[in-house]
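What follows is a short report on a single structure.
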Amino acid sequence: MYEVFFRKFNEKIALTREEEELIKQYLTPKKLRRKQYLLQEGDVCKYICIVEKGAMKAYVLNESGDERIVGFALEGWTIGDLSSFIKQEPATLNIDALEDCELVLISKAAHDELIRLVPKYETYIRILMTDAYMALQKRTAIMISMSLEEQYKALLEMYPAVVQRVPQHMIASFMGLTPETLSRVRGRITSRK
Amino acid sequence: MPVSIGDGPFVLVVLCNQTSKIMSAKQTIAIIGATGSIGSGIARSLAGGSNRLLLFAKQLDKAETLVGEIKSRNASADVEALECPANAAWEADIIILAVPYGAERELAEKIKAVANQKVVISIANPLNATYNGLVTPPDTSAAETLQQLLPHSKVVKAFNTTFAADFANTVIAGKQVDTFLAGDDENAVATVSGLVKTAGFNPVMAGGLAVSRTLESMALLLISLNIKYNYNWLAGWKVLHQ
Numbered sequence: 001m002y003e004v005f006f007r008k009f010n011e012k013i014a015l016t017r018e019e020e021e022l023i024k025q026y027l028t029p030k031k032l033r034r035k036q037y038l039l040q041e042g043d044v045c046k047y048i049c050i051v052e053k054g055a056m057k058a059y060v061l062n063e064s065g066d067e068r069i070v071g072f073a074l075e076g077w078t079i080g081d082l083s084s085f086i087k088q089e090p091a092t093l094n095i096d097a098l099e100d101c102e103l104v105l106i107s108k109a110a111h112d113e114l115i116r117l118v119p120k121y122e123t124y125i126r127i128l129m130t131d132a133y134m135a136l137q138k139r140t141a142i143m144i145s146m147s148l149e150e151q152y153k154a155l156l157e158m159y160p161a162v163v164q165r166v167p168q169h170m171i172a173s174f175m176g177l178t179p180e181t182l183s184r185v186r187g188r189i190t191s192r193k
Numbered sequence: 001m002p003v004s005i006g007d008g009p010f011v012l013v014v015l016c017n018q019t020s021k022i023m024s025a026k027q028t029i030a031i032i033g034a035t036g037s038i039g040s041g042i043a044r045s046l047a048g049g050s051n052r053l054l055l056f057a058k059q060l061d062k063a064e065t066l067v068g069e070i071k072s073r074n075a076s077a078d079v080e081a082l083e084c085p086a087n088a089a090w091e092a093d094i095i096i097l098a099v100p101y102g103a104e105r106e107l108a109e110k111i112k113a114v115a116n117q118k119v120v121i122s123i124a125n126p127l128n129a130t131y132n133g134l135v136t137p138p139d140t141s142a143a144e145t146l147q148q149l150l151p152h153s154k155v156v157k158a159f160n161t162t163f164a165a166d167f168a169n170t171v172i173a174g175k176q177v178d179t180f181l182a183g184d185d186e187n188a189v190a191t192v193s194g195l196v197k198t199a200g201f202n203p204v205m206a207g208g209l210a211v212s213r214t215l216e217s218m219a220l221l222l223i224s225l226n227i228k229y230n231y232n233w234l235a236g237w238k239v240l241h242q
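Residue numbers (UniProt numbering), protein chains in the order written: chain A, 1 to 193; chain B, 1 to 242.
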């Protein structure tokens, strides 16, 4: 139920058995079926969510009501509307399940208590935030500076599992492209090989 | 529009220009013991709200019959029968144990791991076989016993002073029936208060979980009065105040 969560945690910082048991007390196990929401825009993001099994996506709706995907989360990844979670204010994101999921949720109250009780938890969260910020910077730089072909190649290189697992129209949405444009981009890459 | 987006091991998103709220994500409620008189009353009442209900009963066919009945009244009701109480509790955000006090220990063992940090509603009254006393010692209650069995869940006492028939008649003699809540977690009590309102009752926050002792005694008294004065199991508590 918490295997992936603790494996990822221990990859960054080794926990004692006692620390694991203490942290476990504050975790909420949750199953979510495909297409069910974890969070809808306007609600407060109550949880940090770690994917134990399955895949999630985060998106906003544009003026036409179309999804614009802003992120994916596969096994071991963390997803949430960070600003809403920290400030406990309405979320701007929607988050739902791409597949049937098993999740580990950490509520704001549990998160605050874990920070107080377990110094290694605070360190782990800081590492996650730092990694996420670096990924955000990298992605922004890629979007600004690279051609579409290069952007797609970078995505393949950085997150091959996402590209393999997620339907292409969602990859297109993530890149801010129509499925047709992404198809042409992929075609150009293939023809140059 | 988004000003920047990101991906990675933690999806970090920075957006501006908040758009208007569309709708809330449904909360999933597992009702364990859903086909009993109280369990089915709760299921029918909560199916009207924006909740997703997972019904568990020992006999799956009875739970499926209840699902059919609820959907025949409200085609848009999001309700489903499940075969396993642990799976229902795993999917749930809120767990309602609508089982007799004597069955709670065994069920708590089954759902303990998946009920971690979740709101668990205790509706049981620990009545003796002749309905004239409680089997719990005076310094505890069924709700507090359940909290000990589920130490990392948020147990809230609710619906224990309402009869099954009250769910279809939340106004008796012109007065909206009160439903008393007791719990130690403020957010959990607020969540259950929302369910009480959805069911049509007036929520009254009575205090911490230890107040369950009083609430369970109030249920005992109401049952005794019902038998003595033949209220036909349609009666409830109401605090009158200015």
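All residues carry an ideal CB built from backbone N, CA and C; glycine is no exception. Predicted model only: the values in this text are computed from it and were never measured.
The way I'd put it, the segment 115-125 of chain A doesn't touch the segment 80-88 of chain A; fewer than three beta-carbon pairs between them come closer than 8 Å. Look at A/Met1: its C-beta is under 8 Å from a C-beta on chain B.
Of the candidates B/Val120, B/Ile172, B/Pro203, the residue whose Cα lies closest to the Cα of B/Leu181 is B/Pro203. The three-state reading of DSSP puts A/Phe174 in helix, counting H, G and I together.
For the segment 143-174 of chain B, the set of residues with a beta-carbon nearer than 7 Å to any beta-carbon of chain A comprises His152, in chain order. Under the Cβ criterion of 8 Å, B/Glu104 is not counted among the residues facing chain A. Secondary structure of B/Ala168 (DSSP, three-state): helix. Between the alpha carbons of A/Lys30 and A/Val51 lies a gap of roughly 10 Å.
Checking the DSSP bridge columns, you'll see A/Thr28 partnered with A/Leu105. Contact between A/Ala55 and A/Arg165 is confirmed by a C-beta separation of about 6 Å, below the 8 Å threshold. As DSSP reads the structure, B/Val120 sits in a beta bridge with B/Ile95, B/Val155. The C-alpha of A/Leu148 is placed about 13 Å away from the C-alpha of A/Pro179.
For A/Lys31, a Cβ of chain B is located within less than 8 Å of the residue's own Cβ.
Around the beta carbon of B/Pro85, 16 or more other beta carbons sit within 10 angstroms, so the residue counts as buried. Within 8 Å of the CB of A/Thr16, no CB atom of chain B is found; the nearest one sits about 19 Å away. Closest in alpha carbon position to B/Ser76, among B/Ile111, B/Ile29, B/Pro100, B/Gly49, is B/Gly49. For B/Ala142, the uninterrupted alpha helix (DSSP H) segment begins and ends at 142-149.
Listed along chain B are Ala25, each with a C-beta nearer than 9 Å to that of A/Leu39. Counting C-beta pairs with one atom in each stretch, the segment 123-135 of chain B and the segment 50-62 of chain B have fewer than three that are closer than 8 Å, which means they do not touch. Beta-bridge partners of B/Gln27 (DSSP): B/Asn51.
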